[in-house]
Amino acid sequence: MFKKRYGIPGALFAFIIFKYVDERAGDLLGYLHKLMAKPFSLSFLQYKEKMSPALSTGQFILLFSIYSLIFFGIVFLITAPFKKAKNIFENYEDIEEKLGDALLSLEKQDVERVIDVKITSYMTAIEWEVKRIFNVRKKQIDFIWYFPKRVNQVVTDDYELIYLKNPKDLHHAKFYIDSSLNIEGIRLKEENVKGRWETPNAKFSQFITARNVGKPRLGLAVYIYKENVINEENEQEFAHFTTNLLLLGLYDPFVKSIEKRVI
Numbered sequence: 311m312f313k314k315r316y317g318i319p320g321a322l323f324a325f326i327i328f329k330y331v332d333e334r335a336g337d338l339l340g341y342l343h344k345l346m347a348k349p350f351s352l353s354f355l356q357y358k359e360k361m362s363p364a365l366s367t368g369q370f371i372l373l374f375s376i377y378s379l380i381f382f383g384i385v386f387l388i389t390a391p392f393k394k395a396k397n398i399f400e401n402y403e404d405i406e407e408k409l410g411d412a413l414l415s416l417e418k419q420d421v422e423r424v425i426d427v428k429i430t431s432y433m434t435a436i437e438w439e440v441k442r443i444f445n446v447r448k449k450q451i452d453f454i455w456y457f458p459k460r461v462n463q464v465v466t467d468d469y470e471l472i473y474l475k476n477p478k479d480l481h482h483a484k485f486y487i488d489s490s491l492n493i494e495g496i497r498l499k500e501e502n503v504k505g506r507w508e509t510p511n512a513k514f515s516q517f518i519t520a521r522n523v524g525k526p527r528l529g530l531a532v533y534i535y536k537e538n539v540i541n542e543e544n545e546q547e548f549a550h551f552t553t554n555l556l557l558l559g560l561y562d563p564f565v566k567s568i569e570k571r572v573i
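Sequence positions in the sequence shown follow the working numbering and run 311 to 573.
Structural data, given as structure tokens:
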């Protein structure tokens, strides 16, 4: 194939190059061995002229492995932010798709079981992504969704709570939801829960919540069982990610579909 493509002169030139490399392969490897060993001061990595073939080969393989790790480490550091950004975008895209499915199901007035499955799928995806944002394990975080209680279809000042997993400290969790409802704002946090005189015995260390604009109609409370997790970077990402919650609380069919899950 090479001869057909480049002709006899090309084949002859390639033969000369391959022959040259073949005859000097030992010299080239020896030079490469010395070059790789030069930066290291450790005795077992230093090149010595008088080494047994086995020791020389072993040292060369070790040096090659070290340089390979360095190379791939640099590649990882360069590409990791792009991969992370891609993964985050894909996560957000998947969650938006789940929300779209839930809203479409509500608009079509599907049977309650179908709507419930799609709403639960969306809520679960939200919780998993928040867990990723704060980089904690499943057992280090709890979630509670809250919304106004209705009596005879009339919204009251009381609030209902629902959760997909039982919170480990429901008593103090309720306290922070109640406290947040008395404060204006769509996102509130407490970074030192145990430092407050009202909750020194709380099991969780930090609290953050997001809810809709205006009178609270739908909110998500997050409880973190680890200290010093919330920082400027992940708080900003949480704020960006929970933007949909600022509007979903104003969409009555969505809130009512969650209300039906009240325990």
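The C-beta atom is built at its ideal place from N, Cα and C for all residues, glycine as well. Computed from a predicted model, the values in this text were never measured in an experiment.
Item, Value
"Minimum length 4: unbroken alpha helix (DSSP H) runs contained in the segment 406-457", "422-444"
"Identity of the residues DSSP links to Tyr535 by a beta bridge", "Its beta-bridge partners do not exist; DSSP assigns none."
"Contacting residues, own chain, Cβ-Cβ under 7 Å from Pro477 (five flanking each side not counted)", "Asp452, Ile454, Ala483, Tyr533"
"Segment limits, beta strand (DSSP E) that includes Asp467", "464-472"
"At least 3 beta-carbon pairs within less than 8 Å: the segment 492-510 vs the segment 419-438", "no"
"Neighbourhood of Asp479 by C-beta distance below 8 Å, restricted to the same chain and skipping five residues each side", "Asp452, Ala512, Lys513, Phe514, Tyr533"
"One or two residues paired with Ile487 in a DSSP bridge", "Paired residues: none, contrary to the question."
"8 Å Cβ cutoff, Ser431 in contact with chain D", "As a matter of chain content, chain D is missing from the structure shown, which is built from one protein chain."
"Straight-line Cα distance separating Leu560 from Val461", "19 Å"
"DSSP beta-bridge partners of Arg460", "Val465"
"Alpha-carbon to alpha-carbon, Phe564 and Leu587", "The question about residue 587 has no answer, for the chain in this structure spans 311 to 573."
"Residue burial classification, Gln516 (beta-carbon count within 10 angstroms, cutoff 16)", "buried"
"Buried or exposed (CB count within 10 angstroms, at least 16 for buried), Val440", "buried"
"Run of the beta strand (DSSP E) containing Ala520, from where it starts to where it stops", "516-521"
"Neighbour-count burial assignment, Phe444, 16 or more Cβ in a 10 Å radius", "buried"
"Distance between Asn538 and Leu345 (C-alpha atoms, nearest Å)", "46 Å"
"Distance CB(Asn554)-CB(Leu409) smaller than 8 Å", "yes"
"Sequence-distant residues of the same chain with beta carbon closer than 6 Å to Ile326, five excluded per side", "Low per-residue confidence applies at Ile326: pLDDT is 45, beneath 50, and the placement is therefore not dependable, though the value from the model is reported in the following sentence. Excluding sequence neighbours, Ile326 sits near nothing in its chain."
"Whether Tyr456 touches Gly524 by CB criterion (8 Å)", "no"
"Closest by C-alpha distance to Lys475, when choosing among Lys448, Glu500, Ser490, Lys348", "Lys448"
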